[in-house]
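In this note's numbering, the protein residues as written are 14 to 405.
The structure appears below as structure tokens.
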Amino acid sequence: MQNFEFYSPTEFVFGKGREDECGAYAKKYGAGKVLIHYGSGSAVKSGLIDRVKKSLSDAGIGFVELGGVKPNPRDTLVYQGIELCRKESVDFILAVGGGSVIDSSKAIAIGVPYDGDFWDFYSGKQIEKALPIGVVLTIAAAGSEGSGNSVITKEDGMLKRGTGSDLIRSRFSILDPALTQTLPAYQTACGATDIMAHVFERYFTNTREVEITDRLCEAVLLTMVKETPRVIEDPDNYDARANIMWAGMVAHNNIVGVGRSQDWNSHGLEHELSGLYDVAHGAGLAVMMPAWMEFVHSHDVMRFCQMATRVFGCQMNFEDPETTALEGIRRFREFLHSIGMPINFEELGAKEEDIPTLVDKLGVGDGKRAGFVELTAEDCAEIYRIAAHASL
Ligand code: NZQ
Ligand code: ZN
Numbered sequence: 014m015q016n017f018e019f020y021s022p023t024e025f026v027f028g029k030g031r032e033d034e035c036g037a038y039a040k041k042y043g044a045g046k047v048l049i050h051y052g053s054g055s056a057v058k059s060g061l062i063d064r065v066k067k068s069l070s071d072a073g074i075g076f077v078e079l080g081g082v083k084p085n086p087r088d089t090l091v092y093q094g095i096e097l098c099r100k101e102s103v104d105f106i107l108a109v110g111g112g113s114v115i116d117s118s119k120a121i122a123i124g125v126p127y128d129g130d131f132w133d134f135y136s137g138k139q140i141e142k143a144l145p146i147g148v149v150l151t152i153a154a155a156g157s158e159g160s161g162n163s164v165i166t167k168e169d170g171m172l173k174r175g176t177g178s179d180l181i182r183s184r185f186s187i188l189d190p191a192l193t194q195t196l197p198a199y200q201t202a203c204g205a206t207d208i209m210a211h212v213f214e215r216y217f218t219n220t221r222e223v224e225i226t227d228r229l230c231e232a233v234l235l236t237m238v239k240e241t242p243r244v245i246e247d248p249d250n251y252d253a254r255a256n257i258m259w260a261g262m263v264a265h266n267n268i269v270g271v272g273r274s275q276d277w278n279s280h281g282l283e284h285e286l287s288g289l290y291d292v293a294h295g296a297g298l299a300v301m302m303p304a305w306m307e308f309v310h311s312h313d314v315m316r317f318c319q320m321a322t323r324v325f326g327c328q329m330n331f332e333d334p335e336t337t338a339l340e341g342i343r344r345f346r347e348f349l350h351s352i353g354m355p356i357n358f359e360e361l362g363a364k365e366e367d368i369p370t371l372v373d374k375l376g377v378g379d380g381k382r383a384g385f386v387e388l389t390a391e392d393c394a395e396i397y398r399i400a401a402h403a404s405l
């Protein structure tokens with residue numbers, strides 16, 4: 014195992030009705046005036062925004078609001094948010110929504126105290142200061158409620174880029190599984206896919222002797238394999254929703270990834286897809302993750318056999334381990350399809366002729382992308398081609 018630091022300062026507040034405490038938590042973390050930031054309508058329609066406003070008012074906290082965050086959140090709304098916060102002397106951002114709303118909130122939080130263009134932080138500049146943020150989560154997926162990351166799409170060129178710092182970790186995150194019961198099945202499945210991908214990006218490592226994190230990863234994956242079909246079948250299954258919601262946090266606050274090298278190439282390849290076609294991140298991952306697995310499996314066949322046998326219940330073929338590895342990947346793709354996810358370019362709405370553009374946007378040039386297996390631009394093109402033609 015490698016040396017590591019693990020810092021996860023967010024206070025998690027979990028359970029039914031806990032969003033009514035958001036005012037008290039905002040107060041606890043020093044909020045004077047709050048920006049309530051939310052998405053394109055679901056949180057208004059469900060009455061959640063009204064409850065959030067009441068909770069803030071009850072705690073004596075003033076607020077302004079900015080809705081309209083789209084999935085794959087845009088820089089254009091971030092600029093509006095920064096301006097509004099400055100004009101209204103906002104000192105705390107409350108994200109009410111999913112990964113897109115949280116990431117947009119994080120971008121506003123770093124933009125307000127910065128004199129330059131906030132996009133600098135998505136182009137490599139280190140974050141030095143940020144307004145504090147809090148979260149009321151409405152979808153189990155991105156894990157942004159527990160992560161120090163934010164991903165924003167620049168509308169000019171549809172360029173999707175990320176940034177990261179402990180300074181943008183939420184002060185508190187309220188997780189009420191009941192709030193996710195209004196999610197359409199497709200969004201639930203996209204979220205589940207993203208959660209599994211966050212684990213796989215850590216599971217496929219070149220670091221040896223990482224039994225504890227291997228087993229933690231497998232626990233989250235097994236939970237997702239068991240609970241996802243239950244919520245697809247019965248959207249009101251609170252207990253299955255609760256297990257998935259906590260799995261989403263555990264999958265991405267890095268507790269399952271410490272002390273080991275990680276990959277993140279499936280995410281990198283996917284971000285170009287959701288950037289170019291504006292498709293859901295989880296759907297893009299459903300297409301890319303098994304394709305990446307097929308491309309790299311021969312690098313460490315036994316690690317793929319471990320996944321196949323422990324997570325997808327395959328029988329180990331000791332005479333021909335590769336068949337076990339490939340069967341595990343096949344079962345993963347089959348699982349994704351069974352929960353309603355696309356598995357190839359056509360089902361996703363992507364086009365094979367765009368592969369050169371996707372590779373170009375990745376910006377690999379003559380270099381290599383680091384990871385479980387280092388990838389050249391041609392390797393990336395080949396993974397996109399595998400994804401384009403995948404079938405069950
Ligand atoms: O905008 P509204 O109307 O709220 O609708 C949203 C949106 O259309 C809807 N939704 C959310 N909660 C709902 C609901 N509909 C009904 N009932 C509810 N309770 O779901 C749709 C998707 O929401 P979004 O926030 O986009 O989903 P998700 O949480 O998957 O976030 C995706 C974004 O997070 C980024 C992705 O790239 C993508 O941009 N990621 C962020 C990460 C991070 N910050 O650590 C890591 C991830 O790997 C990921 O890259
Ligand atoms: Zn993700």
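Beta carbons are placed, not taken as given, at the ideal position from N, Cα and C, and that holds for glycine.
CA nearest to the CA of residue i, picked from the options
i, options, result
"ALA39", "VAL57, SER70, ASN16 and PHE17", "SER70"
"ALA255", "GLN194, LEU286 and MET315", "GLN194"
"LYS41", "LEU61, ARG64 and ALA72", "ALA72"
"VAL65", "GLY54, GLU34 and LEU90", "GLU34"
"ASP124", "ILE165, GLY159, VAL148 and GLU158", "First, the amino acid is wrong: residue 124 is Gly here, not Asp. Out of ILE165, GLY159, VAL148 and GLU158, ILE165 has the C-alpha closest to the C-alpha of GLY124."
"SER183", "GLY353, ALA363 and VAL26", "VAL26"
"PRO84", "ASP313, SER136, PHE385 and ALA293", "ALA293"
"ARG243", "GLY378, ALA253 and LEU339", "ALA253"
"ALA363", "MET301, PHE325, GLY326 and PRO334", "MET301"
"GLY175", "ALA56, PHE19, PHE131 and GLN93", "PHE131"
"GLY177", "SER160, MET171, PRO190 and THR151", "SER160"
"ILE257", "ASN266, GLU168 and LEU234", "LEU234"
"PRO126", "GLY94, ILE115 and ASP116", "GLY94"
"GLU18", "ASP333, PRO303, LEU371 and ILE268", "ILE268"
"GLU340", "LEU289, SER21, MET315 and PRO369", "MET315"
"THR23", "PHE185, SER274 and SER279", "PHE185"
"LYS173", "PRO303, TRP277, ASP291 and GLY54", "ASP291"
"ILE62", "ASP276, GLU101, ILE208 and LEU192", "LEU192"
"GLU283", "GLU366, LYS58, ALA304 and ASN266", "ALA304"
"MET209", "GLU365, VAL82, SER117 and TRP259", "TRP259"
"GLU365", "LEU289, GLY295, HIS211 and SER279", "LEU289"
"LEU144", "ALA338, SER117, THR389 and HIS310", "SER117"
"ASP189", "GLY353, TYR251 and ILE225", "TYR251"
"VAL82", "VAL57, LYS67 and GLY52", "GLY52"
"ASP276", "GLU78, ASP367, ALA296 and VAL386", "VAL386"
"SER55", "HIS211, THR241 and GLN200", "GLN200"
"ILE115", "ASP207, GLU222 and HIS50", "HIS50"
Bridge partner(s) assigned by DSSP for residue i
i, result
"HIS50", "LEU79 and ALA108"
"ASN162", "GLY177"
"VAL386", "DSSP, once it has assigned bridges, lists no residue as partnering VAL386."
"ILE187", "VAL26 and VAL149"
"ARG87", "THR166"
"LEU172", "LYS167"
Distance, residue j Cα to residue i Cα
i, j, result
"GLY75", "LYS46", "5 Å"
"ALA205", "VAL238", "9 Å"
"GLN15", "GLY272", "4 Å"
"LEU196", "PHE217", "30 Å"
"THR336", "GLN328", "10 Å"
"ASP179", "VAL148", "15 Å"
"ARG398", "PHE348", "21 Å"
"ARG346", "CYS98", "44 Å"
"ALA198", "ASP249", "11 Å"
"LYS119", "ILE146", "7 Å"
"ARG31", "MET171", "36 Å"
"PRO369", "GLY28", "46 Å"
"ILE181", "LEU48", "16 Å"
"ASP104", "THR236", "38 Å"
"SER12", "LYS381", "Given a span of 14 to 405 for the chain in the structure shown, any question on residue 12 remains unanswerable."
"HIS350", "ARG343", "11 Å"
"GLY295", "LYS100", "36 Å"
"LEU107", "GLY281", "28 Å"
"SER311", "SER274", "18 Å"
Checklist entry - Do the region 392-403 and the region 350-358 make contact, defined as three or more Cβ pairs closer than 8 Å? => result Yes, the region 392-403 is in contact with the region 350-358.
Checklist entry - At what residue ranges does the region 275-315 contain a whole run of the alpha helix (DSSP H), taking only runs of 4 or more? => result Taking 4 residues as the shortest admissible run, the region 275-315 contains the following complete alpha helix (DSSP H) segments, listed from N- to C-terminal end: 278-290 and 294-309.
Next on the checklist: Does the contact criterion of 3 or more C-beta pairs under 8 Å hold for the region 87-107 versus the region 131-145?
Outcome noted: Three or more Cβ pairs drawn from the region 87-107 and the region 131-145 lie within less than 8 Å of each other, which places the two stretches in contact.
Next on the checklist: Under 8 Å, with one C-beta from each stretch per pair, do the region 377-397 and the region 318-325 reach the 3-pair mark?
Outcome noted: Between the region 377-397 and the region 318-325, the count of Cβ pairs shorter than 8 Å is below three; the stretches do not touch.
Next on the checklist: Whether or not the region 371-380 and the region 218-235 are in contact is what I'm after, with contact meaning three or more pairs of Cβ atoms, one per stretch, closer than 8 Å; do they touch?
Outcome noted: Result no; under three Cβ-Cβ pairs closer than 8 Å.
Item to check | Contiguous beta strand (DSSP E) assignments of at least 3 residues, all confined to the region 135-160 | outcome: Counting whole runs of 3 or more residues, the region 135-160 contains the beta strand (DSSP E) stretches 146-150.
Checklist entry - On the three-pair Cβ rule with 8 Å, is the region 105-122 touching the region 150-157? => result Touching, per the Cβ criterion.
Checklist entry - Taking only runs of the alpha helix (DSSP H) that begin and end inside the region 240-268, which ones reach a length of at least 4 residues, in chain order? => result DSSP assignment within the region 240-268 yields the following whole alpha helix (DSSP H) runs of 4 residues or more, N-terminal first: 251-265.
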